[in-house]
Amino acid sequence: MLRELGETLYAPFRFGRFAGVGAVGALCDNAVLLAFATAGLTPEAAKFLGIETAIVVMFVLNERWTFAGSGRPGVIPKLRRLATSNVVRVGGIAVQLVVFSTVYRRLQVDLSALGVDLWLLVASGAGICCGMVVNYVTESLLTWRVHE
7 MLRELGETLY
17 APFRFGRFAG
27 VGAVGALCDN
37 AVLLAFATAG
47 LTPEAAKFLG
57 IETAIVVMFV
67 LNERWTFAGS
77 GRPGVIPKLR
87 RLATSNVVRV
97 GGIAVQLVVF
107 STVYRRLQVD
117 LSALGVDLWL
127 LVASGAGICC
137 GMVVNYVTES
147 LLTWRVHE
């Protein structure tokens, strides 16, 4: 298992793709976060909806690009990977939400432009960066099983 983890982590091209897909996910996440927070939802609830939107978008992109050729072919295995992806990302979601809430609530900084609370984006970025490491390892090992 330790050897598999080392091989998973030392895949610079795959990690680069994963990070690129993550950037697209971060854009989706933050767009949903801002939309719902501006509409009056609590920042944490808006962040959760943003994360869930990003998970689906990133799964599709990772399936077709980052981990193309990994995992079993077919509709049923793909649906299993989507379900697995959501389950294994629970750790990353928890990390993101804790970091987001901590940065947003405890390090409160008045940073706004045109009536938009930009501190939401700073806190979101901190959460995304911390959660990404957890998500990469769990997705590689459990969702696409790159070590098989």
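Per the numbering used here, the very first residue in the sequence shown carries number 7; after that it's consecutive. Glycine included, each C-beta is placed from N, C-alpha and C at the ideal position.
| query | result |
| --- | --- |
| Buried or exposed: where does residue 139 fall if 16 or more other Cβ atoms within 10 Å of its Cβ makes it buried? | exposed |
| Going by the beta-carbon positions, is the gap between residue 103 and residue 133 smaller than 8 Å? | yes |
| Rounded to whole angstroms, what's the CA-CA distance from residue 76 to residue 147? Just pull it up for me. | 11 Å |
| For the putative contact between residue 149 and residue 66, defined by C-beta atoms under 8 Å, what is the C-beta separation to the nearest angstrom? | Rounded, the Cβ-Cβ distance is 13 Å, inconsistent with contact. |
| Who are the near neighbours of residue 29 in its chain, counting only those whose CB is closer than 7 Å to its CB and skipping five residues on each side? | none |
| Taking its Cβ as the centre, do 16 or more other Cβ atoms sit within 10 Å of residue 11, making it buried, or is it exposed? | A caution first: residue 11 carries a pLDDT of 47, below 50, which makes its placement in the model too unreliable to give a value. |
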